[in-house]
Amino acid sequence: MIEDKRWEGVYSFEDSPYLMEILTELRSKETENVRFRKDLVKLGRYMGYEFTKTMDFKKVKIETPLESTEGVASGDRDHVYIITVLRVAIPLMEGLIKTLEHSRVGIVSASRGKAPDFNIEMSYIKVPHMREEDTVIVCDPMIATGSTLLKTVSEIKKCGSPKRIVIIGILAAPEGITALKEELPDVEIYVTKIDRELNDKGYILPGLGDAGDRAFGEPLNISMLPLMHNLE
Ligand SMILES: O=P(O)(O)OC[C@H]1O[C@H](OP(=O)(O)OP(=O)(O)O)[C@H](O)[C@@H]1O
Ligand SMILES: O=c1cc[nH]c(=O)[nH]1
Ligand SMILES: [Mg+2]
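Sequential numbering of the sequence shown, starting at 1, is according to the UniProt record's numbering.
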């Protein structure tokens, strides 16, 4: 894990060749959706493991069958609260809870509108009660303009004052990180890699395309739904 010198509290995993190998497969347009989702789960699991190195653990005394010794027991790891931003954070969250298995989980639905406004429509927020000792992990694989996470974290901050608020994602554009850090300087950001830039449609370059569509398929145009109901 390396801290990026451009901001405070922003880390990438570019020093891990294995994580870079998984990212390379995610980026490739040859990777189909089953593999894509499995790779997101894998990254969640290993990023979760790396993230535990930033947490506080308790020292405990235990008895082995032979003698007394000191060991380590989870402290912060027992108080994790993951917020999953629909859609594409679902497989990433599935991976994270393999390492952070006591996590409570909140679900937020956020959808980004088209350029140049990128308005965020947030239609569903169901989050468990937040406690002072909690580490809140907001998980969303893509930080592009940062608007989705800015809105999500701002809403979450209204629900309480946890010990830490952390964003875990896969790829970020520098523009999105700067926007988040300007508004939310205390929020820590952990991503597999920080990419070069955004294009004028708000896609990360070189990126991996539309992560939600690659994981779950292109959504049906909503205006077709009434037509489909008429067919029933
Ligand atoms: O940083 P931003 O510019 O806000 O863009 C990032 C958002 O875009 C994607 O979601 P999208 O709205 O495409 O939803 P989806 O997961 O349902 O495809 C992604 O998962 C982020 O939530
Ligand atoms: O590159 C991008 C930007 C936003 N959302 C995505 O899924 N990909
Ligand atoms: Mg999408």
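Glycine included, C-beta positions come from ideal geometry on N, C-alpha and C.
When the Cα atoms are used, what is the spatial distance from P65 to E175? In this model, P65 and E175 are separated by some 56 Å (Cα to Cα).
Within the continuous alpha helix (DSSP H) that includes Y18, where are the two ends? For Y18, the uninterrupted alpha helix (DSSP H) segment begins and ends at 17 to 27.
To the nearest angstrom, how far is the alpha carbon of V80 from that of E188? Cα-Cα distance, rounded: 15 Å.
Please state the DSSP three-state secondary structure of A211. In the three-state reduction of the DSSP assignment, A211 falls in the helix class, which pools H, G and I.
Among I194, I97, Y124, S103, the one whose alpha carbon lies nearest that of A110: Ranking the options by Cα distance to A110, first place goes to Y124.
Does G18 pass the burial test, meaning 16 or more other C-beta atoms within 10 Å, or should it be called exposed? A small correction: the amino acid at residue 18 is Tyr; Gly does not occupy that position in the sequence shown. Residue environment analysis places Y18 among the exposed positions, since fewer than 16 neighbouring C-beta atoms fall within 10 angstroms of its C-beta.
Closest residue to K5 among L208, I120, R112, T178 (Cα-Cα distance): Nearest C-alpha to K5: T178.
Does the distance between the C-beta of A73 and the nearest non-hydrogen atom of ligand 2 fall short of 6 Å? The beta carbon of A73 sits no closer than 6 Å to any heavy atom of ligand 2.
Can you give the Cα-Cα distance for A144 and F118, rounded to whole angstroms? Distance between the alpha carbons of A144 and F118 is about 10 Å.
For R35, which three-state DSSP category applies? In this structure, R35 counts as helix in the three-state DSSP scheme.
Whole-angstrom distance between G113 and V60, CA atom to CA atom: V60 and G113: Cα-Cα distance of roughly 50 Å.
Within 7 Å, strictly: CB atoms of I168 and M55: Cβ distance not < 7 Å, so I168 and M55 don't count as in contact.
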